[in-house]
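Numbering (this note's numbering), first residue to last: 8 to 127. Ideal Cβ positions, reconstructed from N, Cα and C, are used throughout, including at glycine. The model shown is predicted, which means the values in this text are computed figures rather than measured ones.
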Ligand SMILES: [Cu+2]
């Protein structure tokens, strides 16, 4: 019986130990203008699963180090767009964009703001 328990522990152990972090790095473009934008973009990613987020004002590129087992790439893009910023993948949330100070309302060049969907 002892042998059996030992064997079971051996089989189960890899699963118990699988809560390990699965780190990955993303680099993509986020539109923005200034230091305030940088703070807002990086603050938006101050969530569980994101280890570091660093946006470069000159190149407009963000480097995100995150744990794949805790947060998805899509969610990361979504968090940024909800703060009013567009990413290389996703258009900005227009309500959040309008809330930005005038000087921070960058040109939305990566995605054209959605036109009315009324006309088919
Ligand atoms: Cu700004």
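Residue 80 beta carbon near ligand 1 (any heavy atom closer than 8 angstroms): Residue 80 Cβ: outside cutoff for every heavy atom of ligand 1.
Any non-hydrogen atom of ligand 1 within 8 angstroms of residue 42 CB: yes
Any non-hydrogen atom of ligand 1 closer than 8 angstroms to residue 107 Cβ: yes
Pair within 9 angstroms by beta-carbon distance, residue 94 and residue 115: no
Residue span of the beta strand (DSSP E) that contains residue 60, given as start and end: 57–62
Nearest candidate by alpha-carbon position, reference residue 79, set 58, 13, 11 and 105: 58
Distance cut-off 8 angstroms: residue 39 Cβ against heavy atoms of ligand 1: Flag set: Cβ of residue 39 near ligand 1.
Whole-number beta carbon distance between residue 39 and residue 48, since they are thought to touch under 8 angstroms: About 6 angstroms; that satisfies the 8 angstroms criterion.
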